[in-house]
Amino acid sequence: MSAATLDPRGVRFTAAMTSAILALGLVTASWRVLAAQMVLFGMCAFIGMRLNPWGFVYRQAVQPRLAPIDPAEREDPAPVRFSQGVGFAFALLATIGYAAEWTALGIVANGFALVAALLNAVFGYCLGCQMYLLLRRAAPVGASTSDTR
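When we follow the UniProt record's numbering, the leftmost residue of the sequence shown carries the number 1, and every step to the right adds one.
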């Protein structure tokens, strides 16, 4: 686990805000709403989690009002960043779908992203994080797959 860990309550708060944006995108079928969310996903996935505006709101307005969290309960940011990358891919597909008037593509991609965000916000179950862990188990970094006998 890296030195900079995440408060899981902040991750769920961010997922709740993301769910609201994705729901708005689904209701309005607006490529602009999805493009804005895509930018947020991209900033978090490719630059860093500290740039997440919802994380900033959580750290400034919500976290100070909560009891301190046990350091052992904090999360590694790598799986969360991976899940932001997955969200970026779905938001990109939804943006393209809505902008090109391929409404079915927009709705399906937006819907998948919304379901994943809601699972995280409501139940604390991060689909992208689980995908990350499965991929790490399948191909651990630095492990040799050849037999050197």
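Even glycine gets a Cβ: it sits at the ideal position worked out from N, Cα and C. This one's a predicted model, so the numbers in the text were calculated from it and none came from an experiment.
Local Cβ density within 10 Å of residue i, reported as buried at 16 or more and exposed below that
{"i": "Phe56", "result": "exposed"}
{"i": "Phe88", "result": "buried"}
{"i": "Tyr125", "result": "exposed"}
{"i": "Leu26", "result": "buried"}
{"i": "Phe123", "result": "exposed"}
{"i": "Met1", "result": "Note that Met1 scores 48 on pLDDT, short of 50, meaning its location in the model is unreliable and no value can be drawn from it."}
{"i": "Val86", "result": "buried"}
{"i": "Leu51", "result": "exposed"}
{"i": "Leu93", "result": "buried"}
Given residue i as reference, the closest of the options once Cα atoms are compared
{"i": "Pro53", "options": "Phe112, Phe41, Phe46", "result": "Phe41"}
{"i": "Tyr58", "options": "Pro77, Phe88, Val27, Leu6", "result": "Leu6"}
{"i": "Val39", "options": "Tyr125, Gln84, Pro8, Leu133", "result": "Gln84"}
{"i": "Ala113", "options": "Gly10, Thr95, Pro77", "result": "Thr95"}
{"i": "Asp70", "options": "Arg9, Gly48, Leu134", "result": "Arg9"}
{"i": "Gly106", "options": "Leu24, Ala29, Thr14", "result": "Ala29"}
Residue i CB to nearest heavy atom of the ligand GTP below 7 Å
{"i": "Leu92", "result": "Summarising the ligand content, the structure contains no ligands, and the ligand GTP is consequently not present."}
- prompt: Where are the alpha helix (DSSP H) runs, 4 residues long or more, that stay fully inside the UniProt domain "DUF4395" (7-137), in chain order?
  reply: 8-28, 31-42, 53-57, 77-99, 103-118
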